[in-house]
Amino acid sequence: RKEVEQDPGPFNVPEGATVAFNCTYSNSASQSFFWYRQDCRKEPKLLMSVYSSGNEDGRFTAQLNRASQYISLLIRDSKLSDSATYLCVVNTGFQKLVFGTGTRLLVSP
Amino acid sequence: GAGVSQSPSNKVTEKGKDVELRCDPISGHTALYWYRQSLGQGLEFLIYFQGNSAPDKSGLPSDRFSAERTGGSVSTLTIQRTQQEDSAVYLCASTTGPSGGNTQYFGPGTRLTVL
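For the record, the sequence lines run as chains D and U. Mind the numbering: the first sequence is residues 1 to 109 in the numbering used here, read in order. Mind the numbering: the second sequence is residues 1 to 115 in the numbering used here, read in order.
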């Protein structure tokens with residue numbers, strides 16, 4: 001089983017739609033969690049950290065469920081510019097981040 | 001300020017040749033990571049440097065791969081006797097310290113093609 005698993009997609013949604021991605025992780029001792037965004041042929045960039053209490057940044061909401069070991073990302077009012085691959089990232093406590101393979105989102109006009 | 005830089009941006013080499021990839025982290029960042037990303041795959045951890053501590057080499061796929069970090073700044077990843085399966089994008093990232101809660105800032109990567 002992979003340490004971090006994501007549905008690769010692609011998720012095809014129209015502009016203005018709400019879309020949600022889930023990610024599961026296998027190491028129950030994992031300490032911190034992130035969503036990174038990666039545009040085509042570009043480097044990953046931090047989108048947001050994920051806190052136990054859940055957190056929101058504009059149209060983006062991240063949730064963590066430690067009991068079920070999953071993380072979610074909700075994007076509201078999708079924009080064309082949201083088209084990218086979203087990487088679920090987990091810190092397992094050894095100063096290393098484990099990256100999921102990413103979920104690809106395509107927002108169409 | 002300047003971000004993480006990597007060179008070369010693209011490298012094409014022949015099977016069996018050695019290559020060196022360079023990473024210049026953000027000034028003041030003590031932690032430096034190397035990853036590789038094959039087509040359609042996630043990021044694969046290769047090696048981690050933190051300050052003057054011994055590097056964590058647990059992700060290096062074979063003894064053909066090595067890396068060093070001189071003076072706590074610039075890092076070089078060396079791949080000896082390259083194989084076609086080494087073709088990938090090699091990404092470097094730096095952060096201010098142990099990555100528990102710190103953002104990793106990535107360079108643009110080096111796209112390596114082994115013919």
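Using N, Cα and C, we set each Cβ at its ideal position, and we do this for glycine too. Quick caveat: nothing in here was measured; it's all calculated off a predicted structure.
Using the beta-carbon of each residue, which ones in chain D are nearer than 7 Å to residue 103/U?
For the purposes of this step, residue 103/U is taken as residue 103 along the second sequence, with counting starting at 1. Those within 7 Å of residue 103/U in chain D are 46.
Are the CB atoms of residue 16/D and residue 103/D within a distance shorter than 7 Å?
The residue you call residue 103/D lines up with position 103 of the first sequence. The residue you call residue 16/D lines up with position 16 of the first sequence. It is not a contact, given that the beta carbons lie outside the stated cut-off.
In three-state terms, what does DSSP make of residue 84/U?
Walking along the second sequence from the start, residue 84/U turns up at place 84. Three-state result, residue 84/U: helix.
Closer than 7 Å by beta-carbon distance: list the chain D residues that pair up with residue 109/U, in chain order.
In the second sequence, counting from the first residue as 1, residue 109/U sits at position 109. Ordered by position in chain D, the residues that pass the 7 Å Cβ test against residue 109/U are 43.
Helix, strand or coil at residue 81/D according to DSSP, with G and I counted as helix
Locating residue 81/D in the first sequence gives position 81, where the first residue counts as 1. Correct three-state label for residue 81/D: helix.
Quick check: residue 49/U and residue 43/D, are their CB atoms within less than 7 Å of each other?
Along the second sequence, one-based indexing puts residue 49/U at 49. Along the first sequence, one-based indexing puts residue 43/D at 43. No. Outside cutoff.
Candidates 18/D, 25/D, 11/D: closest to residue 1/D by CA position
For the purposes of this step, residue 1/D is taken as the residue at position 1 of the first sequence. Comparing Cα positions, the closest option is 25/D.
Pick from 28/D, 86/D, 14/D that is closest to residue 72/D, judged by C-alpha positions:
Walking along the first sequence from the start, residue 72/D turns up at place 72. Considering only alpha carbons, the answer is 86/D.
Which one of 79/U, 14/U, 113/U, 83/U has the shortest CA to CA distance from residue 34/U?
For the purposes of this step, residue 34/U is identified with residue 34 of the second sequence, where counting begins at 1. Of the listed residues, the one whose Cα sits closest to residue 34/U is 79/U.
Buried or exposed for residue 64/D, please, with buried defined as at least 16 other CB atoms from any protein chain shown within 10 angstroms of its CB.
In the first sequence, residue 64/D corresponds to position 64, counting from 1. Buried: at least 16 other Cβ atoms inside 10 Å.
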